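The structure appears below as structure tokens.
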Amino acid sequence: MALMAAFATTSFAQDATVKEAKKLFGKGDFDAAAQMLTPALTSGETLDKAAAWNLLSEIMYGKWSAISSKQMENQVKKLNEETDTLGMHQAAVAAWEAVQKCDEFDQLPDAKGKVKMKFRSPAQTKYKNFGVSLVQAGQYFYQKKDYKAALNAWQAYLNMKNTPIFAEVADFPKDNFYDDIVYYVSFLAYQEKDYTTAMKFAQQLAANPEKADEANEILLFSKKETLKSKADSLEYVALVKDLHKANPESERYFNLLVDYYNHVDAAEKLAWVEEEIAVNPKNKMPWAIKGEAMMNAEKWDEAVEAFKKAVEIDPEWVPCLFNTGISLNSKAIALNDQLMDKKTMGLTPENLEKVKDVLREAQIYLEKTREYDPDQLQTKWGYPLYRIYYSLGNKEKMAELEALDPTLAQ
Numbered sequence: 023m024a025l026m027a028a029f030a031t032t033s034f035a036q037d038a039t040v041k042e043a044k045k046l047f048g049k050g051d052f053d054a055a056a057q058m059l060t061p062a063l064t065s066g067e068t069l070d071k072a073a074a075w076n077l078l079s080e081i082m083y084g085k086w087s088a089i090s091s092k093q094m095e096n097q098v099k100k101l102n103e104e105t106d107t108l109g110m111h112q113a114a115v116a117a118w119e120a121v122q123k124c125d126e127f128d129q130l131p132d133a134k135g136k137v138k139m140k141f142r143s144p145a146q147t148k149y150k151n152f153g154v155s156l157v158q159a160g161q162y163f164y165q166k167k168d169y170k171a172a173l174n175a176w177q178a179y180l181n182m183k184n185t186p187i188f189a190e191v192a193d194f195p196k197d198n199f200y201d202d203i204v205y206y207v208s209f210l211a212y213q214e215k216d217y218t219t220a221m222k223f224a225q226q227l228a229a230n231p232e233k234a235d236e237a238n239e240i241l242l243f244s245k246k247e248t249l250k251s252k253a254d255s256l257e258y259v260a261l262v263k264d265l266h267k268a269n270p271e272s273e274r275y276f277n278l279l280v281d282y283y284n285h286v287d288a289a290e291k292l293a294w295v296e297e298e299i300a301v302n303p304k305n306k307m308p309w310a311i312k313g314e315a316m317m318n319a320e321k322w323d324e325a326v327e328a329f330k331k332a333v334e335i336d337p338e339w340v341p342c343l344f345n346t347g348i349s350l351n352s353k354a355i356a357l358n359d360q361l362m363d364k365k366t367m368g369l370t371p372e373n374l375e376k377v378k379d380v381l382r383e384a385q386i387y388l389e390k391t392r393e394y395d396p397d398q399l400q401t402k403w404g405y406p407l408y409r410i411y412y413s414l415g416n417k418e419k420m421a422e423l424e425a426l427d428p429t430l431a432q
């Protein structure tokens with residue numbers, strides 16, 4: 023009996039708190055009413071939690087409405103009176119959040135096991151077109167650089183239709199700026215490192231052809247940040263490949279693949295490059311990447327072949343002209359070592375001519391490099407070209423380069 027009396031006393035106290043909050047609300051003292059009501063929202067002794075949360079939604083809605091009306095009045099009368107803009111937008115978000123909490127408790131069965139929804143229908147009427155207020159709240163927070171608050175407000179707006187309150191409302195409005203908010207939510211979520219939310223809304227946005235590029239970029243970078251296993255990596259690269267296939271002219275997806283394959287096994291990277299060449303042999307980039315891979319493996323013939331393919335596509339591509347010349351020069355050095363007589367440590371006239379033939383071809387490509395990059399802004403062709411002139415005994419050309427750079431003769 024003592025326990026029952028104590029429970030009755032605490033329950034009565036919580037009910038009294040709710041009643042007092044109602045009185046303050048009726049007087050327009052919204053902040054005091056919310057402060058008074060707060061303990062009852064989480065107390066186990068509050069008999070009707072749905073009603074308590076509904077009251078909080080009314081208080082916050084009332085605050086938002088009062089400030090909003092005052093602002094409109096000031097605009098009409100052209101008054102320069104300050105209003106609590108921050109409080110208005112915070113109240114808008116708090117009102118909608120309270121409605122959802124109210125609905126959670128409203129769905130619970132009573133003591134007889136029956137569900138009697140009291141608050142959903144009024145909420146549908148009041149909040150059906152409230153999304154614009156949440157969007158405006160998000161814009162305000164975003165301008166104030168409170169990105170977490172902006173994300174919360176905009177995400178609340180986007181999720182309205184999916185809540186039980188509006189899930190079955192057929193004519194729930196979809197504003198023409200809806201997809202713009204989806205973009206901002208996915209972007210801000212990425213910025214806040216909430217990659218799950220970023221990917222969720224990016225996938226939703228990708229359905230809009232006009233927003234697909236932006237959506238896919240957020241989706242890809244979010245996935246990239248969450249790679250934890252080999253399976254994750256394979257899923258990520260498969261997505262990039264699909265997008266690259268659908269948008270072959272876009273450098274964005276190709277560059278993402280390059281970045282990915284720069285961090286994997288060389289054989290795996292080469293296999294991908296061969297795939298790219300097979301699909302689009304007129305793309306110079308895969309040929310250049312293959313050439314670099316062959317250079318690193320000291321497979322000079324294959325490196326030269328790949329670089330020459332790239333130069334055929336873009337005859338003025340300085341880095342590949344340079345790499346072709348360097349690969350040929352390296353091939354000449356390797357050939358020299360291979361053909362050298364181990365006893366005399368020299369080359370026969372015939373073998374020497376073979377080496378010089380390769381050097382002459384290297385000279386052609388390095389001189390082309392010089393032609394298109396005379397100030398060596400892209401490549402440092404001076405020293406390797408000078409060494410080729412030296413090996414070929416071309417003193418006139420050596421002197422020409424020495425005049426440009428005396429340090430070459432040292």
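Residue numbers (this note's numbering): 23 to 432.
Idealized CB from N, CA, C, for every residue including glycine.
Every value quoted in this text rests on a predicted model; they were computed, and no experiment measured them.
Tyrosine 83 versus alanine 114 - alpha carbon distance: 6 Å
Could you work out which residue in Ala211, Thr147, Gln177 and Glu103 is closest to isoleucine 187 when comparing CA atoms only? Thr147
What is the DSSP secondary structure of glycine 368, reduced to helix, strand or coil? strand
Since serine 208 and isoleucine 240 are thought to touch, with beta carbons under 8 Å apart, how far apart are those beta carbons, to the nearest angstrom? 5 Å
Look at the alpha carbon of tyrosine 405 and the alpha carbon of glycine 313, and state the distance between them as a whole number of angstroms. 22 Å
Give a yes or no on contact between the stretch 331-342 and the stretch 366-374, applying the rule of three or more CB pairs nearer than 8 Å. no
Test item: CB-CB of glycine 347 and alanine 384 under 8 Å: yes
If proline 337 sits next to glutamine 400, beta carbons under 8 Å apart, how far is it from one beta carbon to the other, in whole angstroms? That belief does not hold up - the Cβ atoms of proline 337 and glutamine 400 are roughly 15 Å apart, past 8 Å.
Taking the continuous alpha helix (DSSP H) assigned at methionine 58, which residues delimit it? 52-64
Nearest to leucine 63 by CA position, among Phe276, Asn96 and Phe127, is which residue? Phe127
Between asparagine 174 and cysteine 124, which are expected to be in contact by the criterion C-beta below 8 Å, what is the C-beta distance as a whole number of angstroms? Actually they do not touch by this definition, with Cβ atoms about 19 Å apart.
Within the stretch 243-298, ranges of the alpha helix (DSSP H) (whole runs, at least 4 residues): 252-268 and 273-283
What is the residue span of the alpha helix (DSSP H) that alanine 332 lies within? 322-335
Between the CA atoms of alanine 425 and tyrosine 412 - distance to the nearest angstrom: 15 Å
DSSP three-state call for aspartate 132: helix, strand or coil? coil
Length-filtered (4 minimum) alpha helix (DSSP H) runs lying within the stretch 160-247: 169-181, 200-213, 217-227 and 234-247
From the DSSP secondary-structure annotation, give me the bridge partner or partners of aspartate 363. Gly368
Output the boundary residues of the alpha helix (DSSP H) element that contains threonine 147. 142-149
Phenylalanine 223 and alanine 234 closer than 8 Å at C-beta: no
Backbone CA spacing between serine 244 and leucine 361 [nearest angstrom]: 54 Å
Can you list, in chain order, the residues of its chain with a C-beta nearer than 6 Å to that of alanine 440? Leave out the 5 residues immediately preceding and following it. In the structure as shown, the chain starts at 23 and stops at 432, and residue 440 therefore has no counterpart that could be examined.
Out of curiosity, what's the CA-to-CA distance linking leucine 242 and leucine 180? 22 Å
Just the Cα atoms here: how many angstroms apart are proline 396 and alanine 220? 48 Å
My output table needs one value for glycine 313: the three-state DSSP class, helix, strand or coil. helix
Alanine 289 versus Ala319, Ala56 and Glu418, residue with shortest Cα-Cα distance: Ala319
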